[in-house]
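First up is the structure itself, then whatever we jot down about it.
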Amino acid sequence: MSLLSFNQAAGSSKDKDAKVRPMAVVGSFYPAQKDSIKKLMDSYFASYAKIEAKEQIAAVIVPHAGYIFSGAVAASAFAQIPTDSKFDHIFLIGPSHHVYLDGASINSEFDYYATPLGDAKVDIELCKQLIRDHHEFVYNAQAHQKEHCLEVQLPFLQYRMKEMAPIVPIIIGTQSLPIIERIATILKPYFNEKNLFVISSDFSHYPSYADAKEVDERTGRAIENGKLDEFMDTLEYNKNQRVENLATSACGQSAIALLLYLTQQDKNIQINHLLYRNSGDSQYGGKEEVVGYHAFTFVRKKEIEAKSSFTLSEKEKHALLNIARNSILNELNRQQEPSYPKDELSETLKMKCGAFVTLYEDGHLRGCIGHFNNDTPLYRIIEEMAKAAAFQDPRFMPVHRSELDEINIEISVLSPLKKIRSINEFDYGKEGIYISKGGRSGTFLPQVAQETNWTKEEFLGHCARDKAGLSWDGWKNAELYTYEAIIFKEEKQ
């Protein structure tokens, strides 16, 4: 269902002296006729509008190519914004394709942006205030006159939202991280529940279809992990691979970097990857030189408290076991395909928590690697830890293809660590232990108690000596942490 009444009213109620920015790429990037663009939107959103976010959308990353190439990808992100959302502002942030700037340009000339669906209002006073108060912001007319990266987002927002908030159009013209960090710091007070941030970026430019999928997979993973350093390192890695015809891995890298600056320390932000395509997937595009398109949402979740009531359904457990096995198989086959079907990724599987993956062969340990920090989505952790257990556990030779059918996979999903002052607080048999002292650390999962029949003190002694590299009694003056685990494994065939 399209929602055009507000936008038409907005366009008709503007002051007669208001200045309207004309459309720069109408007719080439998107249709000029309202009916034509509405039909396009109907088809795009029909595929994705069923997916409603349970929590508030804080930001989206969307492509800015011609709609015939990237329109469906952009719609998959905009469809996650509830139609009745009410924001104070929509910050549109994208890269400059025409001029270099030692900072960013904010529109302070036009009161409205024209689109085929009506004129989108600009908060001109806020734009002028940001320029007045911060030297990082200027108004450069050339940066906005022909720029398409923000313009093409407006019809999606107008179509999706019953009431579209005023926009703040920002074009970033530099890749200097110190400058981007200052811009992010300035915008930080606005990154809250009252505002929406729309980040405009395409991804790999001009490699072959196959190369684009590989490059864009790496870049997308880095964004989904939410760490700016990893994102920048991935861009550098892609560059150093000397992929034929690769001009850039993300034309909007500065805008993405700004968003990661805003979110990487916020544990309540969950990053969801929604859809990837490239221009070679369109009937209008070739396979020899393509441009990649990702869609992401940054969701503002309610703070997740550490509690034992956290559960996984049988379907979710099955999905995680499939992810673990498929990731090992893909590594053996040197495949880059994701180890998970998108329709099995529930909200729970996207939560950030720690996990261990343990491999058994003929009832004997064959590998076990885990990750404690609550900094990565669960399904990603399972994928990475499964590969690490199979190929990187220093106690064992890497898993061979001939062994895979004989290997049984066990997964332990961990609650957050809880520091204890006395072993009397340690619920032995139910909780695992994590010992840390002087840069050394080690852990035993809860199930080790059942497997060994040690006493509590023996359990702690073995963990201190055998895992943390301390003395047998080293646990007595070390930091002790406990955690619970949801433990499940594959059924024997």
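Here the numbering used here is used: the first residue of the sequence shown is 3, the next is one more, and so on.
C-beta: ideal position from N, C-alpha, C; glycine also.
Computed from a prediction, not measured in an experiment: that's the story for all the values here.
For residue i, the residue or residues it bridges with in DSSP
i, result
"Phe-358", "Gly-372 and Ser-414"
"Leu-367", "Tyr-362"
"Asn-197", "His-91"
"Ile-273", "Phe-300"
"Pro-379", "Lys-354"
"Thr-484", "Lys-420 and Ile-435"
"Tyr-430", "Glu-433"
Residue i versus residue j - alpha carbon distance
i, j, result
"Pro-168", "Ile-92", "6 Å"
"Ala-480", "Thr-313", "31 Å"
"Asp-235", "Ser-87", "36 Å"
"Ala-61", "Ala-77", "14 Å"
"Glu-226", "Asn-274", "7 Å"
"Gly-96", "Ile-201", "6 Å"
"Pro-209", "Ser-473", "55 Å"
"Lys-21", "Ile-182", "30 Å"
"Asp-268", "Val-301", "11 Å"
"Leu-5", "Glu-493", "Reliability fails at Leu-5, whose pLDDT of 41 lies under 50, so the model's placement of it is uncertain and the value that follows must be treated cautiously. Those two C-alpha atoms are separated by around 50 Å."
"Asn-335", "Leu-406", "12 Å"
"Leu-230", "Tyr-263", "7 Å"
"Ala-308", "Arg-327", "The predicted model places Ala-308 with a pLDDT of 38, which falls under 50 and marks its position as unreliable, so this point remains unresolved."
"Tyr-485", "Ser-107", "49 Å"
"Glu-316", "Glu-412", "14 Å"
"Ala-67", "Asn-324", "35 Å"
"Asp-17", "Asn-142", "24 Å"
Residue interval of the alpha helix (DSSP H) (run including residue i)
i, result
"Thr-299", "Thr-299 -> not in any alpha helix (DSSP H); beta strand (DSSP E) instead, spanning 294–302."
"His-146", "143–147"
"Lys-319", "316–334"
"Ser-438", "First-last for Ser-438: 434–439, but that is the beta strand (DSSP E), not the alpha helix (DSSP H)."
"Leu-347", "Where Leu-347 is concerned, there is no enclosing alpha helix (DSSP H), given that its DSSP letter is neither H nor E."
"Lys-18", "Unbroken run through Lys-18: none, as it is neither H nor E."
"Pro-191", "Element bounds for Pro-191: n/a, residue is neither H nor E."
Bounding residues of the beta strand (DSSP E) (the contiguous stretch that carries residue i)
i, result
"Pro-171", "169–174"
"Thr-445", "442–446"
"Gln-155", "Note, Gln-155: premise wrong, no beta strand (DSSP E); not H, not E."
"Ala-60", "58–64"
"Gly-222", "From DSSP, Gly-222 is part of no beta strand (DSSP E) but of the alpha helix (DSSP H) over 211–227."
"Lys-491", "487–491"
"Ser-256", "Per DSSP, Ser-256 belongs to no beta strand (DSSP E); it is in the alpha helix (DSSP H), 255–265."
"Ile-108", "106–108"
Neighbour-count burial assignment, residue i, 16 or more Cβ in a 10 Å radius
i, result
"Thr-250", "buried"
"Glu-318", "buried"
"Thr-457", "exposed"
"Tyr-286", "exposed"
"Gly-440", "exposed"
"Arg-23", "buried"
"Thr-221", "buried"
"Ser-310", "Low confidence applies here, because Ser-310 scores a pLDDT of 43, under 50, leaving its location unreliable; read the following figure in that light. With fewer than 16 other Cβ atoms within 10 Å, it is exposed."
"Pro-379", "buried"
"Ala-451", "buried"
"Gln-82", "buried"
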